[in-house]
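Using the numbering used here, the letters of the sequence shown map in sequence onto residues 341 to 782.
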Amino acid sequence: MSLLVKSKITPRRSGNGLPRTLCTLLLLSALVKHAFAQEVSPQHDHVVTPLADLLQEAEKNNPQIEAARQGWQAAKQVPTQVSTLPDPQFTLQHLSVGSPRPFAGYTNSDFAYIGLGVTQDIPYPGKLRLKGEIAKRGADVSQQQVESERRAVLAEVKASYFQLAYLSKTLTILESDGELLKQVEQAADARYRSGKGNQQDVLQAQLQKTKLVREIAMHHLEVGKVEAQLKQFLNRSQDSPDIEPTDLTETPLVQSYDELLIAAKAQNPELAGAQKMIEKQSLQVDLARKDFYPDFNVQYMWQRTDPTQFRAYYMLSFGVRVPIYRSRKQKPELAQAQSEELRARSELEAQSQQVASELRSQYVVVQQTAELLKIHREGLSPQALSEFQAGLAAYQSNKQDFQAVLTAFLDVLHLDEAYWQNVAEYETAIARLEQITGLALR
341 MSLLVKSKIT PRRSGNGLPR TLCTLLLLSA LVKHAFAQEV SPQHDHVVTP
391 LADLLQEAEK NNPQIEAARQ GWQAAKQVPT QVSTLPDPQF TLQHLSVGSP
441 RPFAGYTNSD FAYIGLGVTQ DIPYPGKLRL KGEIAKRGAD VSQQQVESER
491 RAVLAEVKAS YFQLAYLSKT LTILESDGEL LKQVEQAADA RYRSGKGNQQ
541 DVLQAQLQKT KLVREIAMHH LEVGKVEAQL KQFLNRSQDS PDIEPTDLTE
591 TPLVQSYDEL LIAAKAQNPE LAGAQKMIEK QSLQVDLARK DFYPDFNVQY
641 MWQRTDPTQF RAYYMLSFGV RVPIYRSRKQ KPELAQAQSE ELRARSELEA
691 QSQQVASELR SQYVVVQQTA ELLKIHREGL SPQALSEFQA GLAAYQSNKQ
741 DFQAVLTAFL DVLHLDEAYW QNVAEYETAI ARLEQITGLA LR
């Protein structure tokens with residue numbers, strides 16, 4: 341590109357030129373040209389990857405989402421386990437008379453017998469149903485955790501993607517603004533050769549070019565960090581090809597804060613999970629009250645003595661487990677369940693406040709950043725460029741000093757970078773709003 345053309349600096353004919361200094365400047369210009377070419381020129385042909393493709397890939401392959409999903413699948417298996425009757429107990433009995441050997445005395449004693457029985461524990465009516473409902477609410481909480489984890493991962497993917505797009509755009513800005521710096525350098529060189537300028541102007545232009553090379557290198561470092569983070573979310577190998585983002589564009593936000601808040605209250609998984617937790621703890625209170633009532637036990641036994649002399653015996657037993665230690669077991673259990681329910685309600689209130697606060701914060705970021713972007717587009721950026729062009733023309737006409745021109749160039753550079761950084765922050769805030777509300781805003 342034209343920015344890489346080496347400056348030619350010649351001594352003034354007045355005899356004040358310094359050959360050693362000029363050789364140094366020429367060598368520095370060559371080194372900067374080589375380094376800048378290496379930093380700016382693309383080393384690989386990257387295929388642009390749309391954000392939607394990365395979101396689908398993350399939702400499918402991210403291990404955090406998969407872990408939460410498997411936790412939900414495991415929780416769904418609990419309700420049927422806890423709402424089913426305890427396993428029955430089968431019993432085999434044998435009573436021998438006159439000998440410890442099995443079945444000894446079976447035919448010569450009225451007391452010897454063999455018996456078969458089954459025992460079934462039966463909890464107080466309603467306990468098993470409540471345990472199943474509690475487990476279902478626990479599974480519902482796990483389901484909301486899956487959605488929460490999914491949204492969090494996708495929001496991080498979006499944030500990393502926008503940061504990567506900003507860094508990519510900044511590299512383009514540094515290259516394009518380097519063309520403006522080339523004009524400054526040529527103007528300084530022309531004035532120096534004509535005897536109207538001084539060597540310091542040329543040195544400052546060369547120094548600024550070297551700073552651009554350093555800034556490009558720093559951006560490459562940041563790109564590497566963001567690429568590594570993005571590949572982690574996508575569960576890709578770190579030595580896989582780098583991701584090339586699309587250009588940043590500003591997504592208009594048409595919803596008001598009240599509309600976003602209504603959507604958040606209806607669709608936010610943290611709030612839904614907290615509500616399910618309240619329902620679970622409320623059922624736990626009901627179950628604790630049920631524990632004040634007794635459980636039952638039913639046993640049926642068949643016994644057989646000598647079949648040639650006696651008929652078989654049939655025995656039905658009914659037992660009751662009475663909770664006599666209520667002050668030490670059932671009452672503390674009920675108090676614990678009630679405290680857990682109050683804690684769950686307080687956590688829902690705290691979560692509601694946190695969601696509203698985060699929503700307001702991100703909404704303000706979107707509104708204020710949109711205003712900043714408008715100021716950049718309609719005022720700062722064109723004004724800075726006009727000031728630079730006017731200052732450069734005045735400098736070439738020997739009506740302005742070099743420092744003013746360099747300051748105007750730096751204003752153009754920094755404002756360009758700030759604009760695209762604001763776009764990235766704006767889009768990241770939109771992604772956070774999507775995470776909180778569950779709406780598709782772009």
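Using N, Cα and C, we set each Cβ at its ideal position, and we do this for glycine too.
Item: Backbone secondary structure at T645 - three-state DSSP; Value: coil
Item: Beta-carbon proximity of V387 to E584, cut-off 8 Å; Value: yes
Item: DSSP-derived helix/strand/coil call for V458; Value: strand
Item: Length-filtered (3 minimum) beta strand (DSSP E) runs lying within the stretch 453-513; Value: 453-462
Item: Buried/exposed call for Y654, threshold 16 Cβ in 10 Å; Value: exposed
Item: T420 to L779 span [Cα, whole Å]; Value: 35 Å
Item: Contacts around Q404, its chain only, beta-carbon distance under 7 Å, and the 5 residues preceding and following it disregarded; Value: E489, V493
Item: Segment limits, alpha helix (DSSP H) that includes T420; Value: 418-422
Item: Nearest neighbour of A604, chosen from R685, R491, R477 [CA to CA]; Value: R491
Item: For T431, the three-state DSSP class (helix, strand or coil); Value: strand
Item: Beta-carbon proximity check, K620 vs G478, cutoff 8 Å; Value: yes
Item: Burial state of D393, where buried means 16 or more other Cβ atoms lie within 10 Å; Value: exposed
Item: Span of the alpha helix (DSSP H), counted from its first residue to its last, around V309; Value: This structure cannot settle anything about residue 309, because the visible part of the chain is limited to 341 through 782.
Item: Test item: CB-CB of A499 and A771 under 8 Å; Value: yes
Item: First through last residue of the beta strand (DSSP E) which encompasses L656; Value: 653-661
Item: Cβ-Cβ separation, E757 to I513 (assumed contact under 8 Å), whole Å; Value: 6 Å
Item: D582 - partner residues in DSSP beta bridges; Value: D582 is not bridged to any residue.
Item: Beta-carbon proximity list for Y453, same chain, < 7 Å, skipping 5 on both sides; Value: L435, Q643, R644, T645
Item: Exposure label - K476; buried when at least 16 CB within 10 Å; Value: buried
Item: For G457, the nearest candidate out of Y597, E567, F451, Q429 (CA to CA); Value: Q429
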